[in-house]
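Colleague: No gaps in the numbering here: position 385 of the sequence shown is 991 in the numbering used here, and each next residue is one more. Structure in structure tokens, see below.
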Amino acid sequence: MDTVLTIILIIAAALIGAAIAGFVAFKRGSESGGQLEREHQQLVGQSIEQQAAIILAEAEAEARRKELHLKDEEVRLRNEMDAEMNRRRKSQESNEQRLQNRQEQMDKRLDQIDAREKKANQRESRLAQQVAELEKAEQQRDEELQRVARMTEEEARTALLEQVEKKSRQEMARTIREVEAQVTETAEKRAREIVTLAVERIASDHVTEYAVSTVSLPSDEMKGRIIGRQGRNIRAIEQVTGVDLVVDDTPEAILISCFDPVRREVARIALTKLVADGRIHPARIEQEVEKAQREVEQLILEAGEQALIETNNQGLHREIQRILGRLKYRTSYGQNQYYHAIETSHLAGVIASELHADVKIARMGGLLHDIGKAVTHEIDGPHAIVGAEIAKRYGVNPKVINCIASHHGEVEPESIEAVIVAAADAISGARPGARRESLEAYIKRVTALEEIGNSFPGVNQTFAIQAGREVRVIVRPDELDDLQVIELSKNIAKKIEDNLEYPGQIRVTVIRETRSVAHAK
């Protein structure tokens, strides 16, 4: 509207200006211009009027357009407001309906609870009435029995209990002796059957390993190339792999000596490829050793996967698989720990199935019971505890963790599967040919352990148990007190460490027992 007023004012000012100009011209040319000048002024006035009319029409059209636009905008806003109000109204109605339904459900539940409580009260009232009737009947019966037997209730109860107790003791003692004899005989027979069946079904090969590998050579001339000028090649191989190469008079062969089977295998693969290729120099040696390390790592992963498949234990963490594969390069008394783990898994599964235990738990516990041996040089502690910590870290079943931790007695077994795993481990290690230690060496080691324990003052007896893994020392209580017992266990362990060579660890347990005896005369 302001725009229209402005345009109208402009047009009015133009018309007034034109009128004034016409009047002045008229005065000036009234005498000289005459009629011609007046006609010219009329034409100019008409042109200005036409332009003003056009401008006014355009202004009115623009005003109408803006007014229509404002009306459309007002209609749109009103529609949006109506839609929002409808949406909110519907949401509110929905919430109210939902609250009303929930209130109705709560009312129904309260009614049901009230009904149940009413029934319970009625039932309790009936029970109380029945109990009162039973007590009354029992009292009448007791009075009648006392009248007939001419004994009080306490006297009758005492006499009856004495007679029943005497007869029950005799029968109980006879039954206990019979059951004990039968259970002992049956248990021993069943245990022998289960162990024999498990060993016969597994029937593993007798495998022992040594700390030396052999690489065949095409000719003795290759030995000189392996040694290199002034021994640089052989020094490079030993430095990179950490093994010792033995070049002796053995024809067309060279020995690799190392107590670490992984290093020995890396050196064997690298040396075999170098001999086949013929190019032997320090740079080439480093390249082949790196390739051999990657190849051995892949072999470890494949071995772990194969063990899981063979024992039907798929689904374990990949790191567990890798650690399990490393057992292929670990030995105990010459027994390969990888095949020992697989054999123990099968044995535990067979025994568990015979005893109706959890076969899956027993089989997995047998497979993983020695994984701590693959990392014991990296982490301190007994291999059973270390293996249990590893299994716990990667989410293994808690029952399997207990099987791993308890198979050497460091932790108490919490299930029958843990006992089965310990038995399967002992069977696998004790079967003929499984381990290379001779009977003579074993007896010497056990005897040495007992002699060390007996060498300390105050010791009464020493026993080496669990194949020499534990020493139990019984002391005389009148010579040593509790504090001296603690010091004695540490001194015995220190002496064993200084004087004996043994695998794993040896547990020292000192027992002090005090007895008090009195005689009644």
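Every residue gets a Cβ at the ideal spot worked out from N, C-alpha and C, and that includes glycine.
Kindly confirm or deny that the region 925-935 and the region 1010-1030 touch, where touching means at least three C-beta pairs closer than 8 Å.
Modeller: No: fewer than three Cβ pairs fall under 8 Å.
Colleague: Decide if the region 844-863 is in contact with the region 822-830; the criterion is three or more beta carbon pairs, one per stretch, under 8 Å apart.
Modeller: At 8 Å Cβ cutoff, the stretches touch.
Colleague: Tell me which same chain residues have a C-beta within less than 8 Å of the C-beta of residue 850, skipping the five on either side of it?
Modeller: Working through the sequence shown from its first residue, we reach residue 850 at position 244. Result list for residue 850: 844, 862, 863, 864, in chain order.
Colleague: On the premise that residue 885 lies in contact with residue 918, defined as a C-beta separation below 8 Å, what is that separation, rounded to the nearest angstrom?
Modeller: In the sequence shown, counting from the first residue as 1, residue 918 sits at position 312. In the sequence shown, counting from the first residue as 1, residue 885 sits at position 279. The pair is not a contact, with the Cβ atoms about 46 Å apart (cut-off 8 Å).
Colleague: Express the C-alpha separation of residue 771 and residue 938 in angstroms, rounding to a whole number.
Modeller: Reading the sequence shown from its first residue, position 332 is the one you call residue 938. Reading the sequence shown from its first residue, position 165 is the one you call residue 771. Going from the Cα of residue 938 to the Cα of residue 771 covers about 58 Å.
Colleague: Go through its chain and collect everything with a Cβ distance to residue 1066's Cβ below 7 Å, but skip five positions before and after it.
Modeller: Within the sequence shown, numbered from 1, the residue matching residue 1066 stands at position 460. Taken in chain order, the residues that qualify are 1080, 1081, 1082.
Colleague: What's the C-alpha gap between residue 688 and residue 704?
Modeller: The count along the sequence shown starts at 1 and reaches residue 688 at position 82. The count along the sequence shown starts at 1 and reaches residue 704 at position 98. Approximately 24 Å between the Cα atoms of the pair.
Colleague: Residue 850 lies in the beta strand (DSSP E); which residues open and close that run?
Modeller: Counted from its first residue, the sequence shown places residue 850 at position 244. 850-852 is the extent of the beta strand (DSSP E) around residue 850.
Colleague: Can you list, in chain order, the residues of its chain with a C-beta nearer than 6 Å to that of residue 686? Leave out the 5 residues immediately preceding and following it.
Modeller: Translated into positions along the sequence shown, residue 686 becomes position 80. Correct list: empty, nothing qualifies.
Colleague: For residue 862, which three-state DSSP category applies?
Modeller: Here residue 862 corresponds to residue number 256 of the sequence shown, with the count starting at 1. Strand at residue 862.
Colleague: Touch check for the region 1083-1092 and the region 1111-1120: three-plus C-beta pairs under 8 Å?
Modeller: Touching, yes, given that three or more Cβ pairs across the two stretches are closer than 8 Å.
Colleague: Check the DSSP bridge columns for residue 1069 and list the partner residues they point to.
Modeller: Within the sequence shown, the letter at position 463 stands for residue 1069. Per DSSP, 1078.
Colleague: DSSP three-state call for residue 819: helix, strand or coil?
Modeller: Numbered from its first residue, the sequence shown carries residue 819 at position 213. Residue state, collapsed to three classes: strand.
Colleague: Could you give the DSSP three-state label for residue 1111: helix, strand or coil?
Modeller: Residue 1111 sits at position 505 when you count from the first residue of the sequence shown. Note: residue 1111 maps to coil in three-state DSSP.
Colleague: What residues in its chain sit with their C-beta under 7 Å from that of residue 954, if we drop five residues either side in the sequence?
Modeller: Within the sequence shown, the letter at position 348 stands for residue 954. These residues qualify, in order along the chain: 968, 969, 971, 972, 1026, 1027, 1030.
Colleague: By how many angstroms is the C-alpha of residue 713 removed from the C-alpha of residue 1003?
Modeller: For the purposes of this step, residue 1003 is taken as the residue at position 397 of the sequence shown. For the purposes of this step, residue 713 is taken as the residue at position 107 of the sequence shown. When rounded, the distance between both Cα atoms is 46 Å.
Colleague: Here's a check: name, in chain order, each residue in its chain whose Cβ is nearer than 8 Å to the Cβ of residue 638, leaving out the five neighbours to either side.
Modeller: Residue mapping note: residue 638 aligns to position 32 of the sequence shown, counting from 1. At residue 638 the pLDDT is 49, less than 50, meaning the model places this residue with poor confidence; the figure from the coordinates comes in the next sentence. Around residue 638: no qualifying Cβ.
Colleague: Could you give the residue range of the alpha helix (DSSP H) that holds residue 1105?
Modeller: Sequence index remark: in the sequence shown, residue 1105 carries index 499 (1-based). First-last of the alpha helix (DSSP H) with residue 1105: 1088-1105.
Colleague: Rounded to whole angstroms, how far is the Cβ of residue 1092 from the Cβ of residue 1058, which I believe are closer than 8 Å?
Modeller: As a working note, residue 1092 is residue 486 in the sequence shown. As a working note, residue 1058 is residue 452 in the sequence shown. That pair is no contact at about 18 Å.
Colleague: Since residue 1129 is in the alpha helix (DSSP H), which residue starts that stretch and which ends it?
Modeller: This structure does not reach residue 1129, given that the chain is present from 607 up to 1127, and the question cannot be answered.
Colleague: Going by the CB atoms, is the gap between residue 961 and residue 1022 shorter than 8 Å?
Modeller: Numbered from its first residue, the sequence shown carries residue 1022 at position 416. Numbered from its first residue, the sequence shown carries residue 961 at position 355. Yes, Cβ-Cβ distance for residue 1022 and residue 961 is below 8 Å.
Colleague: Give every residue of the same chain whose Cβ lies closer than 8 Å to the Cβ of residue 1124, excluding the five residues on either side of it in the sequence, and list them in chain order.
Modeller: Counting from 1 along the sequence shown, the entry for residue 1124 is found at position 518. Answer for residue 1124: no residue qualifies.
Colleague: Going by the beta-carbon positions, is the gap between residue 1098 and residue 1069 smaller than 8 Å?
Modeller: The residue labelled residue 1098 in the question sits at position 492 within the sequence shown. The residue labelled residue 1069 in the question sits at position 463 within the sequence shown. No, Cβ-Cβ distance for residue 1098 and residue 1069 is not below 8 Å.
Colleague: So, at 6 Å on beta carbons, what are the nonlocal neighbours of residue 1152 in its own chain, with the 5 sequence-adjacent residues on each side left out?
Modeller: Only positions 607 to 1127 of the chain appear in the structure, and residue 1152 is not among them; the question remains open.
Colleague: Once the 5 residues before and after residue 894 are set aside, which same chain residues still bring their CB inside 7 Å of it?
Modeller: Indexing the sequence shown from 1 puts residue 894 at position 288. Answer for residue 894: 876, 879, 880, listed in chain order.
Colleague: With distances taken from CA atoms, which of 965, 964, 996 is nearest residue 979?
Modeller: Position 373 of the sequence shown, counted from the start, is the residue given in the question as residue 979. That would be 996, whose Cα lies nearest to the Cα of residue 979.
Colleague: Would you say residue 1001 and residue 923 are within 8 Å of each other, going by their C-beta atoms?
Modeller: The residue labelled residue 1001 in the question sits at position 395 within the sequence shown. The residue labelled residue 923 in the question sits at position 317 within the sequence shown. Yes, the pair counts as a contact, with Cβ atoms nearer than the cut-off.
Colleague: In angstroms, rounded to a whole number, what distance separates the CA positions of residue 1112 and residue 777?
Modeller: Against the sequence shown, residue 1112 aligns to sequence position 506. Against the sequence shown, residue 777 aligns to sequence position 171. Going by the C-alpha atoms only, they are around 48 Å apart.
Colleague: List the residues that DSSP assigns as beta-bridge partners of residue 977.
Modeller: Walking along the sequence shown from the start, residue 977 turns up at place 371. Paired residue(s): none; residue 977 is not in a bridge.
Colleague: Please tell me whether, using a cut-off of 7 Å, the distance from the CB of residue 916 to the nearest non-hydrogen atom of the ligand FAD is below it.
Modeller: Absent from the structure shown: the ligand FAD. Ligands present: none.
Colleague: State the beta-bridge partners of residue 1117 as determined by DSSP.
Modeller: Counting from one through the sequence shown, the residue named residue 1117 turns up at place 511. Paired residues: 1080.
Colleague: Hey, quick one: how far does the alpha helix (DSSP H) through residue 879 stretch, first residue to last?
Modeller: In the sequence shown, the residue the question calls residue 879 occupies position 273. Residues 867-883.
Colleague: Would you mind reading off the limits of the alpha helix (DSSP H) that contains residue 1006?
Modeller: In the sequence shown, counting from the first residue as 1, residue 1006 sits at position 400. Segment 1004-1012, the alpha helix (DSSP H) holding residue 1006.
Colleague: Could you compute how far the alpha carbon of residue 1018 sits from the alpha carbon of residue 1005?
Modeller: Taking the sequence shown and counting its residues from 1, the one referred to as residue 1018 is at position 412. Taking the sequence shown and counting its residues from 1, the one referred to as residue 1005 is at position 399. Each residue's alpha carbon lies about 12 Å from the other.
Colleague: Can you tell me the Cβ-Cβ gap for residue 868 and residue 902, rounded? I've got them flagged as a contact below 8 Å.
Modeller: Position 262 of the sequence shown, counted from the start, is the residue given in the question as residue 868. Position 296 of the sequence shown, counted from the start, is the residue given in the question as residue 902. The Cβ separation is near 6 Å, so the contact holds.
Colleague: Are the CB atoms of residue 883 and residue 933 nearer to each other than 8 Å?
Modeller: On the sequence shown, position 277 is the one that residue 883 refers to. On the sequence shown, position 327 is the one that residue 933 refers to. Contact flag unset, no.
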